[in-house]
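A.B. asks: Have a look at the structure that comes next, please.
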Amino acid sequence: MIHEKLQELCPVYAAGALDGEELRELEKHLKSGCPICQQQIRECSELMAVIAQTLPSLEPSAGLKSRVMAQIEKDSPGSSLVEFKTTTQISGRKRPSKALTWLPWACALAAGAALGVSLWNLSNLKRELAGAQSQLNQQQDQIQQIQNQLEKEKGVTAFLISPEVRVTMLAGTPKSPRAAGKILWNPRERKALFYASNLPSPPSGKTYQLWVIAQNKPFDAGTFSVDASGNGFLEIDSLSEADKAQKFAVTLEPAGGVPQPTGEMHLLGSL
Ligand SMILES: [Zn+2]
650 MIHEKLQELC PVYAAGALDG EELRELEKHL KSGCPICQQQ IRECSELMAV IAQTLPSLEP
710 SAGLKSRVMA QIEKDSPGSS LVEFKTTTQI SGRKRPSKAL TWLPWACALA AGAALGVSLW
770 NLSNLKRELA GAQSQLNQQQ DQIQQIQNQL EKEKGVTAFL ISPEVRVTML AGTPKSPRAA
830 GKILWNPRER KALFYASNLP SPPSGKTYQL WVIAQNKPFD AGTFSVDASG NGFLEIDSLS
890 EADKAQKFAV TLEPAGGVPQ PTGEMHLLGS L
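Listed below in structure tokens is the structure:
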């Protein structure tokens with residue numbers, strides 16, 4: 650058998666599909682130590698190992714080879730088979746062996762499968778990348794939120810440790826006997842934090858409004874909503890008449906607040 654013929658048998662040998670006289674001839678040739686054929690078999694084996702790893706569920710069944718060969722015997726030869734026959738005829742054989750007839754089909758199948766796997770891996774990779782990117786964005790958002798929260802808490806702490814800060818308690822009126830309130834305020838900086846608890850849920854279209862009472866006149870200090878438990882919070886950056894405040898009060902007003910109190914009073918506290 651000429652060497653070109655032996656080389657063509659190497660991929661079939663690597664696939665474990667070589668038998669009979671061809672197997673004996675190639676094994677004899679390999680024992681003689683041909684580096685070209687040994688390298689070809691090594692490369693084929695490595696390639697098949699990679700394909701097997703990528704495609705564990707598509708390992709060819711034992712019957713695949715015989716089914717493919719039976720089909721080839723039945724059908725009129727396809728173009729790749731014709732080309733292959735031409736090659737083998739040039740090399741001096743009248744009819745290609747069954748193993749060699751099967752080879753181009755197996756190669757085409759493997760190449761198609763490998764291409765499919767590559768495309769599938771690529772689209773998976775893109776999906777994973779998009780997922781990782783969105784996760785990263787979420788984490789950055791979370792870090793930003795935590796930083797904002799920290800800055801806010803730092804500000805509150807700085808506000809609370811100032812010796813100028815005063816605390817005034819507010820009690821519920823007969824309208825809200827269980828309600829209570831507390832305002833921490835700095836008369837000089839005019840900053841204040843107001844907390845309310847146990848206020849009834851305001852009816853639709855209404856809101857609670859905080860007032861500073863100075864020289865017996867009410868001054869707007871802002872509106873606030875309450876949660877399901879009746880707890881409300883208001884941060885005030887510029888408290889009106891802070892240096893002259895005598896009392897604090899909360900009334901129920903039309904949504905958005907009003908310039909002067911019109912509704913019933915729910916909380917009241919004096920200095
Ligand atoms: Zn060789």
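Mapped onto our numbering, the consecutive letters of the sequence shown carry residue numbers 650 to 920. The beta carbon of each residue, even a glycine, is placed where N, CA and C say it ideally should be. No experiment lies behind these values; they were computed from the predicted model shown.
I'd like to confirm the pairing. Which residues does DSSP put opposite residue 861 in its beta bridges?
C.D. replies: BP columns for residue 861 point to 868, 897.
A.B. asks: If you measure from the CB of residue 655, is any heavy atom of ligand 1 nearer than 7 Å?
C.D. replies: It does: the Cβ of residue 655 is within 7 Å (strictly closer) of some heavy atom of ligand 1.
A.B. asks: Is the closest heavy atom of ligand 1 to the C-beta of residue 683 under 7 Å?
C.D. replies: Answer for residue 683: yes, Cβ within range of ligand 1.
A.B. asks: Between which two residues does the beta strand (DSSP E) carrying residue 669 extend?
C.D. replies: No beta strand (DSSP E) contains residue 669, which is instead part of the alpha helix (DSSP H) from 669-680.
A.B. asks: Given a threshold of 16 other Cβ atoms within 10 Å of its Cβ, counted over all protein chains shown, does residue 733 qualify as buried or as exposed?
C.D. replies: Reliability of the predicted coordinates at residue 733 is poor, the pLDDT of 42 falling under 50, and no value is obtained from them.
A.B. asks: Could you tell me whether the Cβ atoms of residue 847 and residue 881 are closer together than 8 Å?
C.D. replies: No, the Cβ-Cβ distance between residue 847 and residue 881 is not below 8 Å.
A.B. asks: According to the Cβ coordinates, are residue 916 and residue 822 closer than 8 Å?
C.D. replies: It is a contact, given that the beta carbons lie within the stated cut-off.
A.B. asks: Using a Cβ-Cβ cut-off of 6 Å (strictly less than) and excluding sequence neighbours within five positions of residue 689, which residues of its own chain qualify?
C.D. replies: Result list for residue 689: 659, in chain order.
A.B. asks: For the beta strand (DSSP E) holding residue 816, just list the boundary residues, first then last.
C.D. replies: Residue 816 -> beta strand (DSSP E) spans 815-821.
A.B. asks: From the DSSP secondary-structure annotation, give me the bridge partner or partners of residue 911.
C.D. replies: According to DSSP, residue 911 bridges with nothing at all.
A.B. asks: For the structure I just gave you, are there three or more beta carbon pairs, one from the stretch 801-817 and one from the stretch 780-793, closer than 8 Å?
C.D. replies: Touching, no, given that fewer than three Cβ pairs across the two stretches are closer than 8 Å.
A.B. asks: Going by the beta-carbon positions, is the gap between residue 861 and residue 902 smaller than 8 Å?
C.D. replies: The answer is no: Cβ separation not under 8 Å.
A.B. asks: Evaluate residue 929 with the Cβ neighbour count: other Cβ atoms within 10 Å of its Cβ, from every protein chain shown; 16 or more gives buried, anything less gives exposed.
C.D. replies: Shown here, the chain extends from 650 to 920; a query on residue 929 therefore has no answer.
A.B. asks: Does DSSP put residue 725 in a helix, in a strand, or in coil?
C.D. replies: In this prediction, residue 725 has a pLDDT of 46, which is less than 50 and means its spatial position is unreliable; what the coordinates show is noted afterwards. Note: residue 725 maps to coil in three-state DSSP.
A.B. asks: So, with DSSP's three-state summary, where would you put residue 885?
C.D. replies: Of the three classes helix, strand and coil, the one that applies to residue 885 here is strand, per DSSP.
A.B. asks: Compute the minimum distance between the beta carbon of residue 686 and the heavy atoms of ligand 2, and state whether it is under 7 Å.
C.D. replies: In the structure shown, ligand 2 is absent; the only ligands present are ligand 1.
A.B. asks: Please name the residue, chosen from 682, 665, 663, 686, that lies closest to residue 654 on a Cα-to-Cα basis.
C.D. replies: Of 682, 665, 663, 686, the residue nearest in Cα terms is 686.
A.B. asks: How would you label residue 778, buried or exposed, when you count the other beta carbons within 10 angstroms and need 16 or more for buried?
C.D. replies: Under this definition residue 778 is an exposed residue.
A.B. asks: So, at 8 Å on beta carbons, what are the nonlocal neighbours of residue 898 in its own chain, with the 5 sequence-adjacent residues on each side left out?
C.D. replies: Contacts found: 819, 859, 860, 862, 867, 910, 914, 916, 917, 918.
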